[in-house]
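Okay, so the sequence shown: first residue is 54 according to this note's numbering, each after it adds one. We put the beta carbon where it would ideally sit given N, CA and C, even for glycine. Structure, as structure tokens:
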Amino acid sequence: MNRTIALLALALLLTSCSSDTDIGRRYRAERAFWQASWEQQNLGIRPEEVARERWESLAERFEAIGREYASVPDTAHASQAEQQIRAIAARAFFTAAQIRDGIGDSARVDEIHQHLARNFDDLPEVAAEIAMARGMLAERRRQLDRAAGFYERIIDRVAPDPEGAGAETVVLNLPLRIARLRSTAAPEERSADDYATARSYYERILADEETGPVLRVETLARLAELATDLEAWDETLDRLRTIESELRAMEEPLREPCDVRYAIAGIQRRSGADPDTVRATLAGILRDYPDCSQAPQILLNLAQTAASLERIDEALGYLDRVVDEHGEDVTIGSQALLASARLLESRGRWPEALEAYRSIPVQYPLSEPALMAPLEIAAHHNRAGDAEAAEAALARAAEEYRRFIDRYPPGPMTAMARERLAQTLALQQEFDQAIDEMISLGDEFAQTPRGAMLLITAGRMAAAELADTARAVAIFEHIGEIYADTDIGRQALQEAEILRGSTMQ
């Protein structure tokens, strides 16, 4: 008897020691992962200043953590602590793959993903995240059917939970995403079957009595999207109306019911419904949901619908309401004034339109419509065939842009004003000055599509408008230097070569 008790005590002691060892090992794994993650966060503050070798070293550090903590004696009978350690190891490998993807090491990314799929498939959440990462990578490489295959691995392994924290939060999207991917990859082959599969998946969730209200609404939303893809407009509208009704019954709805009604109006317009039907839906939102956050957009849509029905004064009234009720938002207010000016101009009410155009820079000086207004005025005179008025309007526009640039510090709005100034100078046929402004701006926005477009426009203007081949070639070669080893740079050097060849003929 005493011997039995002693053996039992020894067994309990050994189990306790093993547990303590696992906990200590888990702590060391967590600490190592946290320290590497801290370095990753610091390097990510200014990633463009970090040498590739530094990123490679960090990726290897994460891989080393993964290798050190991945193995356990028996994965089938691993303790909870051992499984947690393996999950940390998987996360380390996963992070290493993300870093290597960022530096373009696609071969190593594939190797790590394959390693994860082979060695961590018994951890459902980890396996799901690995499949998700591989699917997203395949999408980026335009391997759409392969991406769909990875996503299919997740659906049956992870139950959807929009209120969760891991893969369960995105799995609800996957059946529809798979159908869309395969429809894009081979629309004539499998898309109908994949859409049917997605529909069945969502309908099973709705039929389950244990499905909660949040998951139910999100599932209905996916079915509405699915019906929209298939242009089954009546079904889309039915689904959306059901969603609105269920949201209104919730004490704390996960989304605003008025947003769903606004989506209904959009589907009505898209499906070719009568404008009066769309108008009634939009007006109903303002009546039923007076505090709807979409109110400014709804008023703008009501104005557009009224204008399409030639109810011009009604449309102008809606636009005035946008300014009066929501004008504290610079973007919304300035857009409404610009829409009013354009509507008045299109209906031959130029004196009122001119007043509206000129009011925009006064009420909303730091807005894009304010910078558009001077050129809109010049364009009207040009369309009307009044060359003298157009010339005067361009001169006034150039003066306003220069004044704006002098008044405000460098930033997005002054950069936009400089672009408008370059455009105005080109319209005035002051090509030298326009080119100088575009080159200056293009250099400031180097390594961006905007900067490239400004420089390319300057080069082509030098060739076409000034017949200055040498200057154009110099600009294109400049682009080639800034955008070396890119399609933009190669295209610029090609244009320079063509221009050089034309001068030798």
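Continuous alpha helix (DSSP H) stretch holding residue i: start and end
{"i": "methionine 425", "result": "421 to 436"}
{"i": "valine 376", "result": "365 to 379"}
{"i": "isoleucine 296", "result": "286 to 302"}
{"i": "threonine 522", "result": "522 to 535"}
{"i": "asparagine 354", "result": "348 to 361"}
{"i": "threonine 539", "result": "Segment: none, threonine 539 is in no alpha helix (DSSP H) and carries neither H nor E."}
{"i": "glutamate 109", "result": "105 to 122"}
{"i": "arginine 233", "result": "227 to 238"}
{"i": "tyrosine 254", "result": "244 to 260"}
{"i": "alanine 318", "result": "310 to 323"}
{"i": "proline 215", "result": "Proline 215 -> no alpha helix (DSSP H), and no H or E assigned at all."}
{"i": "proline 404", "result": "403 to 416"}
{"i": "tyrosine 461", "result": "Here tyrosine 461 belongs to no alpha helix (DSSP H), and DSSP marks it neither H nor E."}
{"i": "valine 270", "result": "266 to 282"}
{"i": "proline 328", "result": "328 to 341"}
{"i": "glutamate 398", "result": "383 to 399"}
Buried/exposed call for residue i, threshold 16 Cβ in 10 Å
{"i": "serine 298", "result": "exposed"}
{"i": "aspartate 377", "result": "exposed"}
{"i": "isoleucine 551", "result": "exposed"}
{"i": "serine 124", "result": "exposed"}
{"i": "glycine 554", "result": "exposed"}
{"i": "tyrosine 122", "result": "buried"}
{"i": "aspartate 439", "result": "exposed"}
{"i": "serine 399", "result": "exposed"}
{"i": "isoleucine 492", "result": "buried"}
{"i": "glutamine 388", "result": "buried"}
{"i": "leucine 65", "result": "In this prediction, leucine 65 scores a pLDDT of 42, lower than 50, which makes its location untrustworthy; the coordinate-derived value is nonetheless stated afterwards. Looking at its Cβ environment, which holds fewer than 16 other Cβ atoms inside 10 Å, leucine 65 is exposed."}
{"i": "glutamine 547", "result": "exposed"}
{"i": "arginine 393", "result": "It is worth fixing the name first, because residue 393 is serine in this sequence and not arginine. Answer is buried; the Cβ neighbour count reaches 16."}
{"i": "tyrosine 254", "result": "buried"}
{"i": "alanine 545", "result": "buried"}
{"i": "valine 415", "result": "exposed"}
{"i": "glycine 354", "result": "Note that residue 354 is asparagine in the sequence shown, not glycine. Burial call: buried."}
{"i": "isoleucine 10", "result": "Examination of residue 10 is not possible in this model, given that the chain is present from 54 through 558 alone."}
{"i": "proline 213", "result": "buried"}
{"i": "arginine 144", "result": "buried"}
{"i": "glycine 217", "result": "exposed"}
{"i": "threonine 237", "result": "exposed"}
{"i": "aspartate 154", "result": "buried"}
{"i": "serine 361", "result": "exposed"}
{"i": "arginine 139", "result": "buried"}
{"i": "serine 244", "result": "buried"}
{"i": "threonine 510", "result": "buried"}
{"i": "arginine 301", "result": "exposed"}
{"i": "threonine 68", "result": "Because the pLDDT at threonine 68 is just 43, under 50, the model does not fix this residue reliably, and the point stays unresolved."}
Proximity winner among the options, relative to residue i (alpha-carbon distances)
{"i": "phenylalanine 147", "options": "Ala389, Gln137, Arg105 and His166", "result": "His166"}
{"i": "alanine 505", "options": "Val526, Tyr204, Ala527 and Tyr536", "result": "Tyr536"}
{"i": "alanine 170", "options": "Ser412, Glu548 and Ala184", "result": "Ala184"}
{"i": "glutamine 347", "options": "Pro310, Ile138 and Pro328", "result": "Pro310"}
{"i": "tyrosine 410", "options": "Leu397, Asp198 and Thr281", "result": "Leu397"}
{"i": "leucine 7", "options": "Ile385, Ala426, Asp158 and Arg230", "result": "In the structure as shown, the chain begins at 54 and stops at 558. Residue 7 is therefore absent and cannot be evaluated."}
{"i": "alanine 104", "options": "Arg139, Ile152 and Ala302", "result": "Ile152"}
{"i": "phenylalanine 498", "options": "Asp485, Phe457 and Arg471", "result": "Arg471"}
{"i": "alanine 451", "options": "Ile156, His433 and Gln476", "result": "Gln476"}
{"i": "glutamine 482", "options": "Thr501, Glu518, Gly464 and Asp496", "result": "Glu518"}
{"i": "leucine 283", "options": "Ala515, Ala260, Ala142 and Asp247", "result": "Asp247"}
{"i": "glycine 380", "options": "Arg199, Arg120 and Leu352", "result": "Leu352"}
{"i": "isoleucine 156", "options": "Arg79, Glu109, Arg292 and Glu221", "result": "Glu109"}
{"i": "leucine 307", "options": "Leu229, Pro266, Arg332 and Asp344", "result": "Pro266"}
{"i": "alanine 239", "options": "Ala316, Ala277, Val224 and Arg199", "result": "Arg199"}
{"i": "leucine 10", "options": "Ile320, Ala140 and Glu192", "result": "Since the first and last residues shown for the chain are 54 and 558, residue 10 lies out of range."}
{"i": "arginine 269", "options": "Arg257, Ala280 and Pro100", "result": "Arg257"}
{"i": "alanine 117", "options": "Arg275, Phe86 and Gln133", "result": "Phe86"}
{"i": "isoleucine 231", "options": "Glu221, Thr222 and Ala249", "result": "Ala249"}
{"i": "glutamate 271", "options": "Asp287, Leu227 and Ala285", "result": "Leu227"}
{"i": "glycine 495", "options": "Ala316, Gly512, Ala479 and Leu480", "result": "Gly512"}
{"i": "leucine 508", "options": "Ile541, Gln133 and Thr522", "result": "Ile541"}
{"i": "alanine 442", "options": "Arg460, Glu288, Leu407 and Met469", "result": "Leu407"}
{"i": "aspartate 485", "options": "Met514, Phe529 and Ala285", "result": "Met514"}
{"i": "tyrosine 80", "options": "Ala142, Leu96 and Glu101", "result": "Ala142"}
Chain D within 9 Å of residue i, Cβ atoms only
{"i": "alanine 201", "result": "The chain inventory of the structure shown lacks chain D, comprising one protein chain alone."}
- Go through the stretch 466 to 514 residue by residue and report every complete run of the alpha helix (DSSP H) that reaches 4 residues or more, in order. 484 to 497
- Task: Enumerate, from N- to C-terminal direction, the unbroken beta strand (DSSP E) stretches of 3 or more residues contained entirely within the stretch 130 to 210.
- Result: none
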